[in-house]
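Student: Residue numbers (my numbering): 17 to 405. The structure that follows is given in the form of C-alpha cells.
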C-alpha cells in the first residue's frame, strides 16, 4: 500500500494567488510520484471541477483526493472575519481519518495552531518566507515595506520562532534559503530542499526568430524591470514583452517613455495562467534581472525562470544564488545585477550566437523531467523514506 501524505494551503482554490496553483501542482506531482495524496484548501465557492478547469486540469491522477473546506474568512461589509480555527479543526479531522505519514503545511499561523492542538502525523513546514531578521530581510528592497507590513511580519517572526524548532522538518524551495534558517534556528529539524516545479509541455515551441525578450512576473522595482528597460538603450535591435501587473504598470510605461524605448516595449498586463504559455512562445529569451538585495539573494524563488524553461527559452539573469541555482551555466547566462550594459550584452550574445542558443535549448529540454512537479513529488516521497514509484 502506498504511503499517504496531506498537503495543506490556506489560499482558496481557485484564486488569483500564485500559491493556489503551486499547491495544486505540488499535490498532482505527489500523486504522480506514487504518493496517496490529500490536498486540503478552502473553497472559492465554485464547483471543484470548475475550479480545476481554471488551471487547465481536466482529470486528476490516481491517488489524489482534494477536499475544499469552508471559506477561510467571511466578509461582512468592510470587515473580514477570520475562521482559521475552524479551518484548522477541519484539517485535523480530515488528516486523522486519512492517516498520513506526513502533514505538510505552508502557512506559519496554521502550522502554529495545529502544533498547539496536536496532530496525528509528523508536521512538516514548507517555508516560502523567512522572518527572523526583518532589518536584513528588507535591506535593499525598502520600497516593499510599510509600517503595517512590518508590524504583521514582526508578529509572524514570533510565530516562526515557535514553529520552526517544533516541526518534524523543514522544506525549503532553494539552497539559498538554507543559510538564513540554519543561522536563525540552529538545531532545528532536518532541512530538505525541494525546488518548485514546472509543467512539461507536450513539445517545446519552435524557437522564435524575432529578437524579442520576455519579462514575466511582478513589477516591483526590486525585480529589476528598470534595469531591463535601461538595457534596451544599449541593444537597439532588441524588443521586450512584459507580462505582469496591474500594480505599477503605468509607472513602467512612463519609465519606458522617458528612456525613449516605449516603441520597443509591449505591456500585456496581468494574464490568466492559460494565456501565459502562448505569449512566452512569441519570445526568444527570458529575463530575470533581479536587483541585488538580501531578499533576492536568499528568499525569492524565481518561478518565472521555470516558466521560461517550459517554453524552451534560455534565460539571462542576475548572478545571484537564487537565479544561479536554476540557470547555471548550461540553461542561460548570468550577469552582474543592476548592470544594464552587461544585461544588454548577454541578451545580444544569445541572439547572435546560434550555436550557443541551440545548445542551451537542448540542455533545457533534457532537464525538464528533473525540474517537473512530478520530480518535486518524488522528493516528498524520499523525504518520508519511500521508494520512488
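Ideal Cβ placement from N, Cα and C applies to all residues, glycine included. These numbers come from a predicted model, not from an experiment.
Look at the alpha carbon of residue 77 and the alpha carbon of residue 47, and state the distance between them as a whole number of angstroms.
Tutor: Counting from one through the chain shown, the residue named residue 77 turns up at place 61. Counting from one through the chain shown, the residue named residue 47 turns up at place 31. Going by the C-alpha atoms only, they are around 6 Å apart.
Student: Starting from residue 34 and walking both ways along the alpha helix (DSSP H), at which residues does that stretch end?
Tutor: Here residue 34 refers to the residue found at position 18 when the chain shown is read from its first residue. 34 to 48 is the span of the alpha helix (DSSP H), which, as asked, contains residue 34.
Student: So residue 166 is in the beta strand (DSSP E); what residue range does that whole segment cover?
Tutor: As a working note, residue 166 is residue 150 in the chain shown. Counting along the chain, residue 166 falls outside any beta strand (DSSP E), though it belongs to the alpha helix (DSSP H) covering 163 to 179.
Student: Mind checking residue 274: buried by the 16 CB within 10 Å criterion, or exposed?
Tutor: As a first step, residue 274 is located in the chain shown; it is residue number 258 there, counting from the start. Label assigned to residue 274: exposed.
Student: Quick one: is residue 93 buried, meaning 16 or more other Cβ sit within 10 Å of its Cβ, or exposed?
Tutor: Position 77 of the chain shown, counted from the start, is the residue given in the question as residue 93. Note that residue 93 has pLDDT 42, beneath the 50 cutoff, so the model's placement of it is unreliable and the number below is only indicative. The residue in question, residue 93, is exposed, as its Cβ has fewer than 16 Cβ neighbours within 10 Å.
Student: By a C-beta neighbour count over all protein chains shown, 10 Å radius and 16 as the cutoff for buried, is residue 218 buried or exposed?
Tutor: Against the chain shown, residue 218 aligns to sequence position 202. The residue in question, residue 218, is exposed, as its Cβ has fewer than 16 Cβ neighbours within 10 Å.
Student: Out of 323, 329, 100 and 289, which one is the CA nearest neighbour of residue 299?
Tutor: The residue given as residue 299 occupies position 283 in the chain shown. Comparing Cα positions, the closest option is 329.
Student: Quick one, which of 147, 39, 126 and 301 has its alpha-carbon nearest residue 199's?
Tutor: In the chain shown, the residue the question calls residue 199 occupies position 183. It is 147.
Student: Between which two residues does the alpha helix (DSSP H) holding residue 318 run?
Tutor: The residue you call residue 318 lines up with position 302 of the chain shown. No alpha helix (DSSP H) contains residue 318, which DSSP labels as neither H nor E.
Student: Determine whether the beta carbon atoms of residue 179 and residue 124 lie at a separation below 8 Å.
Tutor: For the purposes of this step, residue 179 is taken as the residue at position 163 of the chain shown. For the purposes of this step, residue 124 is taken as the residue at position 108 of the chain shown. For residue 179 and residue 124, yes; Cβs fall inside 8 Å.
Student: Jot down the residue ranges of each uninterrupted beta strand (DSSP E) in the region 96 to 158, minimum 3 residues, whole runs only, in chain order.
Tutor: Fully enclosed beta strand (DSSP E) runs of 3 or longer: 118 to 121 and 139 to 143.
Student: Is the region 322 to 342 touching the region 357 to 375, taking contact as three or more C-beta pairs under 8 Å?
Tutor: Counting Cβ pairs under 8 Å, three or more are found: they touch.
Student: Which two residues bound the contiguous beta strand (DSSP E) that contains residue 302?
Tutor: As a working mapping, residue 302 is identified with position 286 in the chain shown. Note, residue 302: beta strand (DSSP E), 301 to 304.
Student: Write down the C-beta distance between residue 20 and residue 116 rounded to the nearest angstrom, noting that I regard them as a contact closer than 8 Å.
Tutor: Position 4 of the chain shown holds residue 20. Position 100 of the chain shown holds residue 116. Going by Cβ atoms, the distance from residue 20 to residue 116 rounds to 4 Å, so yes, they are a contact pair.
Student: Measuring alpha carbon to alpha carbon, tell me which of 71, 18, 228 and 303 ends up nearest residue 36.
Tutor: Along the chain shown, one-based indexing puts residue 36 at 20. Among 71, 18, 228 and 303, the Cα nearest to that of residue 36 belongs to 71.
Student: In the structure shown, what three-state DSSP assignment does residue 93 receive?
Tutor: Within the chain shown, residue 93 is the residue found at index 77, counting from 1. With a pLDDT of only 42 at residue 93, under the threshold of 50, the placement of this residue in the model should not be trusted; the figure read from the coordinates follows. Coil.
Student: What residues match up with residue 53 in a beta bridge as DSSP calls it?
Tutor: Numbered from 1 along the chain shown, position 37 holds the residue referred to as residue 53. Residue 53 is bridged to 21 and 80.
Student: Would DSSP call residue 203 helix, strand or coil?
Tutor: Working through the chain shown from its first residue, we reach residue 203 at position 187. Note: residue 203 maps to coil in three-state DSSP.
Student: Mark residue 388 as exposed unless 16 or more other C-beta atoms lie within 10 angstroms of its C-beta, in which case mark it buried.
Tutor: Here residue 388 corresponds to residue number 372 of the chain shown, with the count starting at 1. Buried, by the Cβ-count rule.
Student: Could you tell me which residues DSSP pairs with residue 348 in its beta bridges?
Tutor: Within the chain shown, numbered from 1, the residue matching residue 348 stands at position 332. Partner(s): 331.
Student: Measure the alpha-carbon distance for residue 262 versus residue 33 and round it to whole angstroms.
Tutor: Counting from one through the chain shown, the residue named residue 262 turns up at place 246. Counting from one through the chain shown, the residue named residue 33 turns up at place 17. Residue 262 and residue 33: Cα-Cα distance of roughly 14 Å.
Student: Taking the CB atoms as reference points, tell me whether residue 191 and residue 346 lie closer together than 8 Å.
Tutor: Residue 191 sits at position 175 when you count from the first residue of the chain shown. Residue 346 sits at position 330 when you count from the first residue of the chain shown. Contact: no.
Student: With hydrogens ignored, establish whether the beta-carbon of residue 145 is closer than 7 Å to any heavy atom of the ligand ZN.
Tutor: In terms of ligand content, the structure shown is empty, and the ligand ZN therefore cannot be addressed.
Student: So which of 235, 248 and 187 has the shortest CA-CA distance to residue 160?
Tutor: In the chain shown, counting from the first residue as 1, residue 160 sits at position 144. Among 235, 248 and 187, the Cα nearest to that of residue 160 is on 235.
Student: Thinking just about the alpha-carbon of each residue, which of 111, 283, 108 and 401 is nearest to the one in residue 265?
Tutor: In the chain shown, residue 265 corresponds to position 249, counting from 1. Cα-wise, what sits closest to residue 265 is 283.
Student: Given this structure, state the Cα-to-Cα distance separating residue 278 from residue 356, to the nearest angstrom.
Tutor: Translated into the one-based positions of the chain shown, residue 278 becomes position 262. Translated into the one-based positions of the chain shown, residue 356 becomes position 340. Answer to the nearest angstrom: the Cα atoms are 16 Å apart.
Student: How is residue 248 classed by DSSP in three states: helix, strand or coil?
Tutor: The residue given as residue 248 occupies position 232 in the chain shown. Residue 248: helix per DSSP, three-state reduction.
Student: Leaving out five residues on either side along the sequence, give the residues of the same chain with a beta carbon under 6 Å from the beta carbon of residue 384.
Tutor: Translated into positions along the chain shown, residue 384 becomes position 368. Excluding sequence neighbours, residue 384 sits near 216.
Student: In or out: residue 171 buried (at least 16 other Cβ within 10 Å) or exposed?
Tutor: Taking the first residue of the chain shown as 1, we reach residue 171 at position 155. When all chains shown are included, residue 171 counts as exposed.
Student: Using a Cβ-Cβ cut-off of 6 Å (strictly less than) and excluding sequence neighbours within five positions of residue 337, which residues of its own chain qualify?
Tutor: For the purposes of this step, residue 337 is identified with residue 321 of the chain shown, where counting begins at 1. Hits under 6 Å: 192 and 313.
Student: Please determine if the region 226 to 246 and the region 302 to 310 are in contact, where contact requires at least 3 C-beta pairs separated by less than 8 Å.
Tutor: The region 226 to 246 vs the region 302 to 310: in contact.
Student: Helix, strand or coil for residue 292? Go by DSSP, reduced to three states.
Tutor: Reading the chain shown from its first residue, position 276 is the one you call residue 292. DSSP places residue 292 in helix when its eight states are reduced to three.
Student: Leaving out five residues on either side along the sequence, give the residues of the same chain with a beta carbon under 7 Å from the beta carbon of residue 228.
Tutor: If you number the chain shown from 1, residue 228 lands on position 212. For residue 228, where only same-chain residues beyond five positions count, the Cβ hits under 7 Å are 255, 257, 298, 299 and 300.
Student: Can you list, in chain order, the residues of its chain with a C-beta nearer than 6 Å to that of residue 390? Leave out the 5 residues immediately preceding and following it.
Tutor: As a working mapping, residue 390 is identified with position 374 in the chain shown. Closer than 6 Å at the Cβ level, and outside the excluded window around residue 390, lie 45, 48 and 49.
Student: Secondary structure at residue 1, three-state DSSP: helix, strand or coil?
Tutor: For the chain, the structure presents residues 17 to 405; residue 1 sits outside this window and is missing.
Student: Name the DSSP beta bridge partners of residue 58, please?
Tutor: Reading the chain shown from its first residue, position 42 is the one you call residue 58. Answer is 85.
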